[in-house]
Amino acid sequence: MKIFVDTADLNEIKELASWGILDGVTTNPTLVAKSGYSFTEVIKKIFTLVDGPISLEVVSEQAPDMVKEAKKLVASIPQKYRKNVTIKIPMTAEGLKAVKILSEEGIKTNVTLVFSANQALLAAKAGATFVSPFIGRLDDIGQEGMQIIEEIMEIFVNYDIETEVIVASIRHPIHVIEAARLGADIATVPPGIIRKMVTHSLTDAGIKKFLDDWKKVKK
Ligand code: G3P
Numbered sequence: 000m001k002i003f004v005d006t007a008d009l010n011e012i013k014e015l016a017s018w019g020i021l022d023g024v025t026t027n028p029t030l031v032a033k034s035g036y037s038f039t040e041v042i043k044k045i046f047t048l049v050d051g052p053i054s055l056e057v058v059s060e061q062a063p064d065m066v067k068e069a070k071k072l073v074a075s076i077p078q079k080y081r082k083n084v085t086i087k088i089p090m091t092a093e094g095l096k097a098v099k100i101l102s103e104e105g106i107k108t109n110v111t112l113v114f115s116a117n118q119a120l121l122a123a124k125a126g127a128t129f130v131s132p133f134i135g136r137l138d139d140i141g142q143e144g145m146q147i148i149e150e151i152m153e154i155f156v157n158y159d160i161e162t163e164v165i166v167a168s169i170r171h172p173i174h175v176i177e178a179a180r181l182g183a184d185i186a187t188v189p190p191g192i193i194r195k196m197v198t199h200s201l202t203d204a205g206i207k208k209f210l211d212d213w214k215k216v217k218k
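Put into structure tokens, the structure is as follows:
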């Protein structure tokens with residue numbers, strides 16, 4: 000399973016990319032606002048840090064405006080990074096229209112705010128490169144988020160659908176394991192959760208013991 004980081008924090012992206020575990024990045028307006036960086040700074044830097052799909056979200060609501068905004072975003076990225084530009088489009092009827100146009104023009108799309116298998120199926124039919132089901136937000140309202148990942152994976156396998164599934168709105172490390180067990184293509188994971196995935200108290204205790212014992216060895 001590919002791992003994307005779900006953040007616009009450039010320092011975090013740089014650090015996690017240096018671990019060799021990042022396959023891409025997803026951002027959204029909330030994450031850009033939280034990062035403290037301007038959107039211009041994010042766009043300028045982010046593509047230099049990770050060589051993989053980078054999702055940037057449009058904020059227009061009508062299809063023609065979404066398409067215009069998407070093309071402007073693509074044009075603002077230096078040619079050598081354009082293959083990685085992925086336009087995040089909200090899951091609405093207008094969004095589907097925009098996805099159809101952009102996919103016909105060879106622009107990668109990531110349909111976001113997906114909360115059901117039917118929405119994922121429609122996004123895939125419109126030509127989405129990626130769909131992003133938000134599992135944590137479903138858990139938040141008392142609906143089992145992982146259930147829709149299971150449904151989407153089953154449907155996409157049944158029909159050899161090429162659209163890749165990005166499990167989004169991940170809240171804890173167990174979500175990542177469950178996504179991988181269900182065969183999801185990608186999990187987009189907040190930096191704090193990637194840090195939790197890397198540590199284990201027994202690893203820390205083991206290192207301490209080795210270092211303590213090493214002091215006792217005659218050199
Ligand atoms: O990339 C968007 C998605 O992962 C949002 O997560 O935590 O705001 O529900 P969250």
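Heads up, the sequence shown is in numbering that gives the first Met the number 0, so the first residue is 0 and it goes up one at a time.
Positions of the beta carbon are idealized from the N, C-alpha and C atoms, including for glycine.
Item	Value
Residues sharing a beta bridge with S54, DSSP	T25 and T85
At least three beta-carbon pairs within less than 8 Å, the region 120–137 to the region 94–107	yes
Run of the alpha helix (DSSP H) containing A167, from where it starts to where it stops	Run containing A167: none; DSSP gives neither H nor E here.
Contact set, the ligand G3P heavy atom to C-beta under 6 Å	D5, T25, N27, F133, G135, R136, A167, S168 and T187
Nearest neighbour of S131, chosen from W18, S17 and N27 [CA to CA]	N27
Identified DSSP bridge partners for V188	V4
Limits of the unbroken beta strand (DSSP E) element including K107	K107 to V113
Identified DSSP bridge partners for P172	None, per the DSSP bridge assignment.
Presumed contact (8 Å Cβ cut-off) between V57 and I20, rounded CB distance	Wrong, their Cβ atoms sit about 28 Å apart, outside the cutoff.
Unbroken beta strand (DSSP E) run spanning S131, endpoints	F129 to P132
CA-to-CA distance, D203 to K195, given in whole angstroms	13 Å
Collapsed DSSP secondary structure at I140 in the structure displayed	coil
Cβ distance (whole Å) where P190 is taken to contact V4 below 8 Å	6 Å
Own chain partners of P247 with C-beta closer than 7 Å, once the 5 adjacent residues on each side are dropped	Outside the modelled stretch of the chain, which goes from 0 to 218, sits residue 247, for which no answer is possible.
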